[in-house]
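The opening residue of the sequence shown carries number 31 in our numbering; numbering runs sequentially from there.
Even for Gly, the Cβ is constructed at its ideal location relative to N, Cα and C.
Just so we're clear, the structure is a prediction, and the values are computed from it rather than from any experiment.
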Amino acid sequence: MKTLVVEPGFAPYEKELNSLREMQATVGGTIQAIYPFEEQVDVVCNDDAISLHMPFNRSMEGGYGGVFGTFFMVGLGEEDFISLTPEQVERYKEKFHQAEILLGVDGNELITMRVEPKKKSADPPYRGSKPPER
Numbered sequence: 031m032k033t034l035v036v037e038p039g040f041a042p043y044e045k046e047l048n049s050l051r052e053m054q055a056t057v058g059g060t061i062q063a064i065y066p067f068e069e070q071v072d073v074v075c076n077d078d079a080i081s082l083h084m085p086f087n088r089s090m091e092g093g094y095g096g097v098f099g100t101f102f103m104v105g106l107g108e109e110d111f112i113s114l115t116p117e118q119v120e121r122y123k124e125k126f127h128q129a130e131i132l133l134g135v136d137g138n139e140l141i142t143m144r145v146e147p148k149k150k151s152a153d154p155p156y157r158g159s160k161p162p163e164r
């Protein structure tokens with residue numbers, strides 16, 4: 031399924047995720063879905079990100095405050111996650127393009143600063159006929 035991965039400090043990028051194991055590996059542990067938008071999309075993040083001291087990633091709408099650690103976005107089907115549409119991919123790439131730094135908290139409000147994201151480098155080349163196991 032087509033997802034959009036958002037890592038702390040980096041611009042969002044597209045990634046195919048097709049199993050629970052791949053989803054858990056992407057967020058670094060147990061997954062949790064949150065629904066901060068009116069649109070039928072989910073933000074899937076690590077359920078234990080704060081207790082694992084994962085870095086702040088992006089602020090969220092809808093009273094969710096912010097997300098810590100890597101998250102990915104998927105479409106919301108009747109009973110399962112589904113691929114994002116090309117329009118959703120572009121919309122959320124733009125929305126989350128700038129990285130955020132958490133400066134502090136004022137009551138329930140996060141104080142963040144938007145910064146240019148770091149560029150994700152391509153995986154190093156490998157030798158042989160197939161890529162190494164991850």
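Are the Cβ atoms of residue i and residue j separated by less than 8 Å?
i: Glu59; j: Asn48; result: Inspection of the sequence shows that residue 59 is occupied by Gly rather than by Glu. Contact flag unset, no.
i: Val104; j: Phe111; result: yes
i: Thr142; j: Glu124; result: no
Identify every residue that forms a DSSP beta bridge with residue i.
i: Ser89; result: Gly96
i: Glu139; result: Asp136
In this structure, how does DSSP classify residue i when only helix, strand and coil are distinguished?
i: Gln118; result: helix
i: Lys125; result: helix
i: Lys70; result: Checking the sequence, you will find Gln at residue 70 rather than Lys. Here Gln70 sits in coil by DSSP.
i: Thr60; result: coil
i: Met103; result: strand
i: Glu46; result: strand
i: Glu37; result: coil
i: Glu108; result: coil
i: Tyr156; result: In this prediction, Tyr156 has a pLDDT of 48, which is less than 50 and means its spatial position is unreliable; what the coordinates show is noted afterwards. Coil at Tyr156, not helix or strand.
i: Glu130; result: strand
Out of the options, point me to the one whose CA is closest to residue i's CA.
i: Lys86; options: Gly137, Val36, Thr115; result: Going by the sequence as given, residue 86 is Phe instead of Lys. Looking at the Cα atoms, Val36 is the closest of the given residues.
i: Ile80; options: Asp72, Gly95, Gln70, Pro66; result: Gly95
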